[in-house]
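Visitor: Sending over a structure as structure tokens; questions will come in a sec.
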Amino acid sequence: MSVATEAAHIRDLFETIEEIESVASSLSEDDERRRKLDGVVARTLRQAPPVRPVVAGELLDLTEKTVKAWAREGVLAIHSQEPRMLLDTVRLHEVLHLVSDLRRAGKTRGLIDEVHRRLSDQSLLDRSDLATSLDEMRSGKGRVVRSV
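Here is the structure:
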């Protein structure tokens, strides 16, 4: 499959995902329909085929060399290395969101550092133990612990 065809296929998939995410985000967080739509998005992305770096470059508007560097740095997840590098579609979608947001905000330089920071921040926020601790702190149930 040509790069242009593969990029168009993935772009169409991501546009469909964006539409579902848009509908889901219009619902309250405790709405069961939102959870179902989020599940559809997650399943669809997990089932999508891995993406070649050259195609990811087309989608992210980056060079293939830059995409491969981002993969080696861990910003993009590598699905497989042999016989050629293929990238995880779920992470690519997440990074595409971040890069788009950064570019809309006028950020064009140092994207890898900013994307990496945001991914790190999100991974912390996704931790259930941190969420529990933050809830306890907000409700005044936490206790102050100071190192001596």
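Here numbering that gives the first Met the number 0 is used: position 20 in the sequence shown is 19, and no number is missing along the way.
Note that beta-carbon positions come from the ideal geometry of N, C-alpha and C, so glycine has one too.
1. Using a Cβ-Cβ cutoff of less than 7 Å, which residues in the same chain neighbour Thr43 once the five nearest sequence positions on both sides are dropped?
2. Under DSSP, the beta strand (DSSP E) around Ser79 begins and ends at which residues?
3. Using CA coordinates, which residue listed in Val94, Val143, Leu133, Lys106 is at the minimum distance from Ser119?
4. If we count the other Cβ atoms within 10 Å of its Cβ and call it buried at 16 or more, is Val149 buried or exposed?
5. Using CA coordinates, which residue listed in Asp60, Val54, Leu133, Thr88 is at the minimum distance from Arg45?
6. Counting pairs of beta carbons, one from the region 35-42 and one from the region 6-22, are three or more of them closer than 8 Å?
7. Can you check whether the CB of Met0 is closer than 7 Å to the CB of Pro52?
Guide: Quick answer:
1. Ile16
2. 77-79 is the span of the beta strand (DSSP E), which, as asked, contains Ser79.
3. Val94
4. Absent from the structure is residue 149, since the part of the chain shown begins at 0 and ends at 147.
5. Taking each of Asp60, Val54, Leu133, Thr88 in turn and checking the Cα distance to Arg45, the smallest one comes out for Thr88.
6. In short, these stretches touch, since the Cβ pair count reaches three.
7. Taking 7 Å as the cut-off, the beta carbon of Pro52 is found no closer than this to the beta carbon of Met0.
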